[in-house]
Structure formats: structure tokens, C-alpha cells
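Student:
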Amino acid sequence: MNRFKMIKKELQPLFKAYKGRIVFAYLFGTAASHDYSPLSDIDLAFYVDSQEDAFDLKLALYTDCTRLLKRNDIDVIILNNLRNLILADEIVTNGTVIFDSNPEVRLDYEVRIHHQALDFMHQRKMIIGV
3 MNRFKMIKKE LQPLFKAYKG RIVFAYLFGT AASHDYSPLS DIDLAFYVDS
53 QEDAFDLKLA LYTDCTRLLK RNDIDVIILN NLRNLILADE IVTNGTVIFD
103 SNPEVRLDYE VRIHHQALDF MHQRKMIIGV
């Protein structure tokens, strides 16, 4: 079983426990690339239904992910609160969707992030030439 399927399978109890709260999730970074090694950390990004308790939810997701994956080198990001457009675009462009309860919401998010990132990069280039 490849690592994507293994991680997705190991996180199924998490997706069931947070049913209705997690809208979609990505595996990204080296764990989602061909550069993965046993020393690589696992990067997970979650889009949730509400931002009200995002910090507590992030902490709970981290705790549950470390327990389910039996490792502590995990990074958890709540996409709703992510202000780094370049990172958000990297996640949706190169990450792997491992859970999706509402494809319409996910596709809307992806399109919005791509547009915002392109606008940001264009403005940055106009201002500083980079």
C-alpha cells in the first residue's frame, strides 16, 4: 500500500470523529511528493466548517493525528486561517486531497486561492520586481 493510501486509511477514524467539522483535507509537502523519506515529516491541511474555535480545533486535530499516525513530526494547518497565499497555493496545487466531504466547496476554495495567489504574485512583481 502506498503512503498516500496508508495515511488516508489511518486517518479515517479522524474524519469520522470530526464529521461535519472537517470539509476537506490535504496531505502536502514532502509526504505528498517523490522526495519522501522515512525522516520526512507529515504536513496536513484542513478546511473546517467554522473558524470559531480554530485554535482549539487545530490542537485537537494535531493530537488526534499524532495518535492515529503514531508519530509526532506532524504539522497541521487550518486553511481557513492561512494568510500565506503562496503556501495556500502550494498546498492546493501540489498537495493530495485525502478527504473531501464537499467537492463544490473545495473547488471554490482552490479557484479562489489560485486567483488570489496570481494577483499577489503579479502585484509583488510590479512593486519589487520579484
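Just so we're aligned, residue 3 is where the sequence shown starts under the numbering used here, counting upward by one. In this text, a Cβ means the ideal position worked out from N, Cα and C, and glycines have one as well.
#1: Do Asp51 and Ala33 have their C-beta atoms within less than 8 Å of each other?
#2: Per DSSP, what kind of secondary structure is Tyr28 in: helix, strand or coil?
#3: Need the endpoints of the beta strand (DSSP E) that Leu46 sits in, please.
#4: Asn74 to Glu112, Cα distance in whole Å?
#5: Since Gln53 contacts Asn83 with CB under 8 Å, what's their CB separation in whole angstroms?
#6: Leu71: which of Val78, Ile115, Leu13, Ile100 sits nearest, CA to CA?
#7: Run through DSSP, which three-state label would Asp66 get?
Tutor: Walking through what the data contain:
#1: The count along the sequence shown starts at 1 and reaches residue 51 at position 49. The count along the sequence shown starts at 1 and reaches residue 33 at position 31. No, the Cβ-Cβ distance between Asp51 and Ala33 is not below 8 Å.
#2: The count along the sequence shown starts at 1 and reaches residue 28 at position 26. In the structure shown, Tyr28 sits in a strand (DSSP, three-state: E or B).
#3: Residue 46 sits at position 44 when you count from the first residue of the sequence shown. Segment 44-50, the beta strand (DSSP E) holding Leu46.
#4: Position 72 of the sequence shown, counted from the start, is the residue given in the question as residue 74. Position 110 of the sequence shown, counted from the start, is the residue given in the question as residue 112. Each residue's alpha carbon lies about 28 Å from the other.
#5: Residue mapping note: residue 53 aligns to position 51 of the sequence shown, counting from 1. Residue mapping note: residue 83 aligns to position 81 of the sequence shown, counting from 1. Going by Cβ atoms, the distance from Gln53 to Asn83 rounds to 6 Å, so yes, they are a contact pair.
#6: Counted from its first residue, the sequence shown places residue 71 at position 69. Comparing Cα positions, the closest option is Leu13.
#7: On the sequence shown, position 64 is the one that residue 66 refers to. In the structure shown, Asp66 sits in a helix (DSSP, three-state: H, G or I).
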